[in-house]
Every structure is written in structure tokens, then in C-alpha cells.
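Notes follow once the structure below has been shown.
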Amino acid sequence: MRKFAPYVLKSLWRHRARTVLTVSGTAVALLVFCFIGSVQRGLARLTSSEEADRTLIVFQESRFCPQSSRLPQDYARTIADTPGVSDVIPIKVFTNNCRASLDAIVFQGMAAHKLEAWRDLTLTSGDWSAYEGQDDAALVGEAVANRRGLAAGDKFTIGGVSVVVRGVFHSPVAADNNLIYTHLDFLQRARGADGVGTVTLHEVKLTDGADPDAVAKRLDQAFESGPVATTTRTKGMYQADTLADLAELIGFVHWLGYACVGLVLSLVATTTVMSVQDRIKEHAVLQTLGLRPQRVFSLVVLESLVLSTLGGVLGVAASALLLAGAGMSIAAEGVTIAFEPSAMLALQGLLVAVAVGLVAGLAPGWQAARMEIVAALRHA
Amino acid sequence: MPLVEVNDVTKQYASGEETIRPLDGVSLSVEKGDFVSLMGASGSGKSTLLNLIAGIDRVTSGQIVVDGVDTTKLSRGKLADWRAEHIGYVFQTHNLVPVLTAYENVELPLLLLPMSAAERRKRVGIALEAVDLTPRASHYPRQMSGGQEQRVGIARAIVANPTLIVADEPTGSLDDETTEQILSLLERVNSELGMTLLLVTHDAQAGARARRRVRLERGRLVENRTQAPAPLRTA
Chain A
16 MRKFAPYVLK
26 SLWRHRARTV
36 LTVSGTAVAL
46 LVFCFIGSVQ
56 RGLARLTSSE
66 EADRTLIVFQ
76 ESRFCPQSSR
86 LPQDYARTIA
96 DTPGVSDVIP
106 IKVFTNNCRA
116 SLDAIVFQGM
126 AAHKLEAWRD
136 LTLTSGDWSA
146 YEGQDDAALV
156 GEAVANRRGL
166 AAGDKFTIGG
176 VSVVVRGVFH
186 SPVAADNNLI
196 YTHLDFLQRA
206 RGADGVGTVT
216 LHEVKLTDGA
226 DPDAVAKRLD
236 QAFESGPVAT
246 TTRTKGMYQA
256 DTLADLAELI
266 GFVHWLGYAC
276 VGLVLSLVAT
286 TTVMSVQDRI
296 KEHAVLQTLG
306 LRPQRVFSLV
316 VLESLVLSTL
326 GGVLGVAASA
336 LLLAGAGMSI
346 AAEGVTIAFE
356 PSAMLALQGL
366 LVAVAVGLVA
376 GLAPGWQAAR
386 MEIVAALRHA
Chain B
44 MPLVEVNDVT
54 KQYASGEETI
64 RPLDGVSLSV
74 EKGDFVSLMG
84 ASGSGKSTLL
94 NLIAGIDRVT
104 SGQIVVDGVD
114 TTKLSRGKLA
124 DWRAEHIGYV
134 FQTHNLVPVL
144 TAYENVELPL
154 LLLPMSAAER
164 RKRVGIALEA
174 VDLTPRASHY
184 PRQMSGGQEQ
194 RVGIARAIVA
204 NPTLIVADEP
214 TGSLDDETTE
224 QILSLLERVN
234 SELGMTLLLV
244 THDAQAGARA
254 RRRVRLERGR
264 LVENRTQAPA
274 PLRTA
């Protein structure tokens, strides 16, 4: 078949406009497919990682938006004394938009030593000691920095919170790259004095072997009769509950991914059918020269495969560039889902393109291989 | 032993409720190295007979043996392999692959045979030289005249050194001067390369160039005689 590769490529080149349209259509469909895959992956990573299962979130009972959860900061002492708890991080969360948004900014205020201990951050610019030593300093996730064009030394104000960027960080947890960390006491005071002494949530680290459900139950019982009742869940459950509406939407959107596959299939199949119908006589000539019907079938399938794979490569490459460069995310109620590109997703996209190319070529290939040579030679 | 033996071959097919029989019990033998013209009016069955001998159509009954192989018994795939090795087909309308250059068109049949790239280059070079088109090797069909295209078609037919060359009205769409060039070329293929040649034509002058003339009428063979070939003319 390798010997016939120039023939296949030249045949595609002969109908450049048709080829370009098909390849670009396939590329766009694969780009959408990868975008959908990346947001699904981001959601899955948030709700099913090991950290999500071994960390508890203590939130105010019956509250969802971070703005409405106001827990006493000193709950941390009670939590820390609870069996099964290894550490507790009081966190103040502020977001400029509680609803689902593609450009929500989420601040998390926490003590600097806790941030250093519990978040796996690598500063790509800026300086940790400058952050530690300045009250209104902020560490900005690289996705936010890319999106907003922020760099160390910049000052910016969002939703009434003004900070100075003292570092841009990269986190292996893609969602964290969409956060802005500040000092806890700064964020508590940032929007008035009434926030002092209260936090949005307490993040609880468990000891090895501790049962998350049992600890959660103990914590909620401990605060049942306190000034503010709590709901404690694993971080995964908290994020899944918070993002429930969005997750449902993302679940629905995955059907669009399948629709993209169907679109590529029909696009490539249509082009290949047209190509075969244009070349009925040419295929008959090839068979007269001695090409086996199976080989004609293979040539047609190869054409379809080249179209689909080329579109797939372009679509996957474009999606990888866009996703990596734009730092896209979607957030709701202070929880962020990063559009997470990955080699596996790229491979999946390419495999889909290849598989679709093969399937799309089957019917036209069969049609080309089964024709009667003499009748086809009479074809105009 | 004849190179081609056609034994009581009938071809028929249904067209609506009517049964069409373009060939009806035809028998014919062609010796190795012979130059035979198949003549007759339109619808006489001459192209059908040629296509059956070339293995691109199937007999309804009868037997065709070429170089000891009963081609009517071969499967579709095996028949394709057999054509690649044994048949050189010259079409009326050239039927070159438009996206390939003259060189690549001539090389096509060789891609189907076990042959090194160097051997292919050598053979294509010789074939193009034989039809005097070496300077046009990199030209596409659209960049050539009808006569040049047909010469490329002849080069493609002879390049694999087949057992039998079949030509279906190869001058049917050409002017007189080009017709003469093509016929002379086919005569040389037969006389100089020793290839057996079956030529379908309805043109009496073209048919007269063959050593043997076979005439068909309404699917039956009505004349089969050896003739003194018409003198070679210089184009």
C-alpha cells in the first residue's frame, strides 16, 4: 500500500477545496471534542482524587455560596482536638461571581505557613518571602495570571479586593492554578471589619487510617449546638455538591462530544463517497491494470483515514495549544474546574479520528471495490 | 499450442425482461506473437469478446484459456493478479489517471508486481523511450495532446512485458495523423517487441494493418482469416 501513497495524496490534493473543508471541519469537531474531554477530566480530578477523599471540608450548614458561609475561626481548635484529625486550615474564600462563570476570580485566604505546608505550589516568578512579609500580597495561579495578564509586582482590584502580586505559581492540581492566595487576616478585613474572626470553611486533614465519614459526623455533632451548625463532607463530595448543577450540565455536554464524533463521521464519509463517485471510471481503470478489489477498497479507506487523521491532528494540536495557553476554567460558588489538557486526551482524540476515518471509508470503499469493471469503464 | 483459446463462449445478460446476448458461441484461437484485429459494427460483440479475453468481464458459458490458464475459473482477486501480470490494456479514451504524471501512470502496473524501485525506473524509462515520450515524463495528462496521452497509455500497457496486449478502439478519438502514429506504434510493439496484439476496431483501414482479421456480426464470428498486412506507412 505504501507504493500507492502518492496516488492517494495526489487524489486528495486534486480536490483541494473539498479536502481543506473536510479537514478543517474535522479539526473543529475534534477541537470541541477535546474541550469537552478536558472539562470532564477537570471535573473528575476535582471529585475523585485521593486528596479529595482524605480531606474534609467543614462548611456552614445549608449554605452553598462562599459568601454566605460564615464559620467562627476558633472552630479550628475544636476540630484540631477531634480524633482522626492531623491538621486544620481555616480558609476565607472570596469570589467575584458565585454563579457559573468562565472568568470567576476566586481568592483563598489562609495562613502563610499552612499554605506552604499543604499546597504543592512552585513559584514561576516572584518571591515567597516578599509574599510572607506583605499584608496585601497575593500569589496568583498561572492560569489566572495568563488570562488576566498579571505578573509579579502588579497591583489589581477585583470585587473591591485590592492586592499586590508577589508571585505567580504553578500547581500540579490544575484547578489550583485558577486561584489567588492571600493572607487569611487580610482577606477577612478586605471587605469590611465584619469578616474578622470568621472563615468560609475549615479544611481538615485526616490522620492515616481515620474514617472520613466518622470524623465528619463527630465534627457536625460537636458544632450542632454551637453558634453556627456545620455540614462536613469529604472535599470530593463538597466539590461535587457545590458543582452539582454544573456537573449535570457537563454530563449533558459529553453527548456533544459524541455528536462531534458523528459529525466527523458523516463529514468524512460524505467526502469519501463524493470522491469515489467522481472516480468510478478511474477505479475501473486501476482494476483493469490489475488492482485487486481489496486493494481498491484499501485505497479508498486510506483516503478517508488521511482526511480524518489530518483533521484530528490539527484539531487536537489546536485544542492543546488553546487549553495550555489560555488557562481556561469554569467556576461556581468558589469552586473551579480547570479545562485540563492531557496527553491521554490528545491520544484519545487522535484514536477517535483514526477510528472514524476507518469507519467512514468502509461503505465507499466497498462501493468502489464491488463495481463491475466494464460498466464502470462506460461511466462518463 | 495457441496463446489464446476461446471455446464456445457466450455472454448474455438481462435488460428488463429482455435477454441480451452480445456473444453467442464464439470460438477463436490466437497464436503467440500474432496481430489480430477484431472488427464489426457497433454492437457486434467485438469489445465484449476483447473484455472477456482481457479478464475484465465474465463469460456466461464457455471457456477462455490464455497461456495455459483457464481465466474463467479464476476468482475476482486471482483474476486481478493475472491481469497485472499478463494483460496490457490500451483504452479508447486513454484513461490515464489525471493526478499522476506520465511517468507515474506508466509505473502503475509495475507497482503491482514484485520488483525493485530501480527495476521499475529502468522499465518505465524504456517504455517511455519506446513511445518517444521521455521528455514528457513529468507532464500530467492535462498537459498533453490526445495522441501523447494515447502513447502514454501504450507505454503503460507494454511496461510490464505482458503476455497479451489488448487495444479497444485505440484510435477512435484521434485525428488521422495521430491515428497513423498510434497504429504504427502498435505495429512496432507487435513486430519489434514480439508482443501478441488484439486490436478492436471498426475502421477497415486500421483492421487491415493486422496479420489476421476476425469479423463479428451480432455476437457471432463470421470471418477469421489471415491477411497480408497493409504496408507500414510513415507518419
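Note that the protein sequences, when read in sequence, are chains A and B.
Per our numbering, the very first residue in the first sequence carries number 16; after that it's consecutive.
Per our numbering, the very first residue in the second sequence carries number 44; after that it's consecutive.
Every residue gets a Cβ at the ideal spot worked out from N, C-alpha and C, and that includes glycine.
Per DSSP, the unbroken beta strand (DSSP E) holding Thr-244 (chain B) starts and ends at 239-244. In the DSSP annotation of this structure, the continuous segment of the beta strand (DSSP E) that includes Lys-54 (chain B) starts and ends at 47-58. Contact annotation, Gly-99 (chain A) with Val-230 (chain A): C-beta distance approximately 4 Å; criterion of less than 8 Å satisfied. Under the Cβ criterion of 8 Å, Pro-308 (chain A) is counted among the residues facing chain B. Neighbours of Arg-29 (chain A) in chain B, taken as residues whose beta carbon is under 8 Å from its own, are Pro-141 and Val-142 in chain order. Interface criterion not met: the Cβ of Asn-50 (chain B) is under 8 Å from no Cβ in chain A.
Contact annotation: the stretch 136-146 of chain B touches the stretch 194-206 of chain B, with at least three C-beta pairs closer than 8 Å. Each of A:Trp-28, A:Val-374 and A:Met-359 was checked against the Cα of Ser-313 (chain A), and the nearest Cα belongs to A:Val-374.
For Asn-267 (chain B), the uninterrupted beta strand (DSSP E) run begins and ends at 263-269, by DSSP. Neighbours of Val-389 (chain A) in chain B, taken as residues at a C-beta separation under 9 Å, are given in chain order as Ser-90, Thr-91, Asn-94, Ile-99 and Asp-100.
Apart from sequence neighbours up to five positions away, the residues of its chain that approach Pro-105 (chain A) with a beta-carbon distance below 6 Å are Gln-88, Ala-91, Val-214 and His-217, ordered along the chain.
DSSP places Glu-65 (chain A) in the helix class (H, G or I) of the three-state scheme. Considered as a whole, the stretch 243-309 of chain A harbours 250-257, 259-293 and 295-304 as its complete alpha helix (DSSP H) runs of no fewer than 4 residues, in chain order. When 7 Å is used as the limit between beta carbons, Phe-19 (chain A) is near these residues of chain B: Leu-154, in chain order.
When rounded, the separation of the alpha-carbon atoms in Glu-150 (chain B) and Val-315 (chain A) is 20 Å. Just so you know, the alpha carbons of Ser-319 (chain A) and Arg-126 (chain B) end up roughly 27 Å apart. Not a single C-beta of chain A is nearer than 8 Å to the C-beta of Leu-66 (chain B). Closer than 8 Å to the CB of Tyr-146 (chain B) there is not a single CB belonging to chain A. DSSP assignment within the stretch 178-221 of chain A yields the following whole beta strand (DSSP E) runs of 3 residues or more, N-terminal first: 194-197 and 216-221. Just so you know, the alpha carbons of Thr-249 (chain A) and Arg-56 (chain A) end up roughly 19 Å apart. The stretch 143-161 of chain B makes no contact with the stretch 32-43 of chain A, as fewer than three CB pairs between them are under 8 Å. Ala-333 (chain A) places its beta carbon 8 Å or farther from that of Ala-361 (chain A). In terms of Cβ geometry, Arg-263 (chain B) and Asp-67 (chain B) form a close pair [threshold 8 Å].
Ranked by Cα distance from Thr-103 (chain B), the options B:Ala-249, B:Gln-191, B:Val-257 and B:Val-52 are led by B:Val-52. Taking a beta-carbon distance threshold of 8 Å, Gly-86 (chain B) does not count as an interface residue toward chain A. Between Val-108 (chain A) and Val-121 (chain A), the C-beta gap is smaller than 8 Å, which places the two residues in contact. Contact between the stretch 56-75 of chain A and the stretch 192-204 of chain A is absent: fewer than 3 CB-CB pairs across the two stretches fall below 8 Å. Going by beta carbons, Thr-269 (chain B) and Arg-254 (chain B) fall inside the 8 Å limit. Counted as a single uninterrupted DSSP element, the stretch harbouring Gln-123 (chain A) is not any alpha helix (DSSP H) but the beta strand (DSSP E) occupying residues 121-124. Following the DSSP letters along the chain, one finds Thr-91 (chain B) inside the alpha helix (DSSP H) bounded by residues 89-97.
Boundaries of the alpha helix (DSSP H) harbouring Met-359 (chain A): 358-385, taken from the DSSP string.
Taking one beta carbon from each stretch, the stretch 296-306 of chain A and the stretch 339-357 of chain A have fewer than 3 pairs nearer than 8 Å; the two do not touch.
For Phe-171 (chain A), no alpha helix (DSSP H) encloses it; the enclosing beta strand (DSSP E) starts and ends at 170-173.
Between the stretch 233-244 of chain B and the stretch 202-211 of chain B there are three or more inter-stretch CB-CB distances shorter than 8 Å, so the stretches are counted as touching.
Gln-191 (chain B) is classed as buried because its beta carbon has at least 16 other beta carbons within 10 Å across all chains shown. Counting only the Cα atoms, Val-69 (chain B) lies some 21 Å from Ser-58 (chain B).
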